[in-house]
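Letter 64 of the sequence shown, counting from 1, is numbered 64 in full-length UniProt numbering, and no numbers are missing.
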Amino acid sequence: MGAFKAAAIQMRSGESPQRNAVDLERLVREAAGQGATYIQTPEMTGALIRDKDARAASFTSEDKDIVVSTARRLASELGIFLHIGSTAILRADGKLANRALLFGPDGATLATYDKIHMFDVDLDNGESWRESAAYEPGTEAVVTEIDGARLGFAVCYDLRFPQLFRAEALGGADLLSVPAAFTRQTGEAHWHVLLRARAIENGAYVVAAAQGGLHEDGRETYGHSLIVDPWGRIIAEAAHDEPAVIVAEIDPAQSLAARRKIPNLKNARDFAVNAGSAEAPRLRGAAS
């Protein structure tokens with residue numbers, strides 16, 4: 001298991017998939033030029049569109065999507081693992097998926113992951129989001145191999161559900177991905193601490209490519225793309241909300257070392273919950 005360079009691309013995706021694909025290509029080439037062989041883009045790389053009708057008219061099936069075709073071409077041309085953090089894909093049943101896609105150095109699709117946890121919240125600043133009104137949630141965690149590491153998939157709001165990352169770590173993942181479009185309010189409060197926590201509690205690297213800044217549809221995202229090592233140290237950060245590329249070395253041996261020091265994956269035990277007179281809670285998201 002040799003070390004390799006990973007990059008997180010920070011974007012400010014607008015409402016045009018065509019323009020976003022141009023930005024994607026420029027930033028991917030910049031990252032590859034810095035030696036990165038695994039490159040991750042943010043959630044909703046293809047487009048960020050708040051209006052329901054405009055969103056429905058913009059997105060298409062995977063085989064016709066311009067971001068997908070651009071990514072496939074770049075992965076093959078540059079000989080890299082290119083991870084589209086997510087883009088909206090029209091499924092065969094007519095529903096939309098918030099889908100991550102990983103392309104290998106030959107341009108082949110190595111894995112896909114549909115975001116499981118939908119962002120349905122009302123924020124204190126008056127913002128209201130109902131992701132489940134637009135997207136069909138996924139049902140399966142995904143782990144796959146890249147460059148000698150094992151990559152576990154997640155998208156944005158999934159970050160707040162640690163059981164997903166624990167299941168992937170138990171499935172062999174030593175590199176966890178969290179492409180995101182955190183709002184500025186939630187990002188300022190929680191982004192860094194959640195990413196570092198997922199790294200620490202699983203002894204794994206975390207790569208988190210982010211959307212940043214004020215977007216065409218009026219939303220504002222936090223930026224601050226991060227790469228965190230298995231000991232919870234931030235080893236690369238875009239400390240702003242502008243488009244950017246950050247690069248850091250990933251060494252799977254460091255994950256093994258962290259897990260030897262703190263063997264919590266091995267030490268975990270099953271347990272029951274005594275809730276007194278209340279009905280015992282059912283733990284959602286626990287692998288059976």
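Think of the CB as a built atom: it goes at the ideal place given N, C-alpha and C, for glycine as much as any other residue.
Quiz item: Quick one: Cα of Thr41 to Cα of Ser16, how far?
Solution: 16 Å
Quiz item: Who are the near neighbours of Leu159 in its chain, counting only those whose CB is closer than 6 Å to its CB and skipping five residues on each side?
Solution: Val178 and Leu194
Exercise. Name the residue from Gln34, Leu24 and Gly14 whose alpha carbon lies nearest to the alpha carbon of Thr221.
Key: Gly14
Quiz item: Name the DSSP bridge partner or partners of Thr144?
Solution: Leu151
Quiz item: According to DSSP, is Lys266 helix, strand or coil?
Solution: helix
Quiz item: In this structure, what does DSSP give as the bridge partners for Ala8?
Solution: Gln40 and Ile246
Self-check item: Neighbourhood of Leu78 by C-beta distance below 6 Å, restricted to the same chain and skipping five residues each side
Solution: Ala32
Quiz item: Should Pro252 be labelled buried (16 or more other beta-carbon atoms within 10 Å of its own) or exposed?
Solution: buried
Quiz item: According to the Cβ coordinates, are Ala8 and Ser255 closer than 8 Å?
Solution: no
Quiz prompt | Delimiting residues of the alpha helix (DSSP H) encompassing Phe81 | solution = Phe81 -> not in any alpha helix (DSSP H); beta strand (DSSP E) instead, spanning Phe81 to Leu90.
Practice problem: On a CA-only basis, which of Ala57, Glu30, Arg130 and Ala258 is nearest Leu74? Give me that one, please. | Solution: Glu30
Quiz item: Where do the N-terminal and C-terminal ends of the beta strand (DSSP E) with Gly212 fall, by residue?
Solution: Gly212 to Leu214
Self-check item: Assigned exposure category for Arg233 - 16 Cβ within 10 Å defines buried
Solution: exposed
Quiz item: Thinking C-beta only, is Val143 closer than 8 Å to Ala173?
Solution: yes
Practice problem: May I ask you to report which of helix, strand or coil DSSP gives Glu279? | Solution: coil
Practice problem: In angstroms with no decimal places, state the Cα-to-Cα distance between Asp106 and Pro230. | Solution: 29 Å
Quiz prompt | Neighbourhood of Gly213 by C-beta, 6 Å cutoff - its chain only, sequence neighbours within 5 removed | solution = Arg12 and Asp241
Quiz item: In three-state terms, what does DSSP make of Phe271?
Solution: coil
Exercise. For Glu43, count neighbouring C-beta atoms within 10 Å of its own C-beta (all shown protein chains included) and say buried if the count is 16 or more, exposed if not.
Key: buried
Quiz item: What number of angstroms, rounded off, separates the C-alpha of Ile146 from the C-alpha of Ala111?
Solution: 11 Å
Quiz prompt | For Val206, the residue or residues it bridges with in DSSP | solution = Leu176 and Val228
Self-check item: Cα-Cα separation between Trp92 and Ile49, rounded to whole angstroms
Solution: In the sequence under discussion, the amino acid at residue 92 is Ala, which differs from the Trp named in the question. Spanning the two alpha carbons is a distance of roughly 21 Å.
Self-check item: First through last residue of the beta strand (DSSP E) which encompasses Ile234
Solution: Ile234 to Glu237
Quiz item: Going by the CB atoms, is the gap between Tyr135 and His83 shorter than 8 Å?
Solution: no
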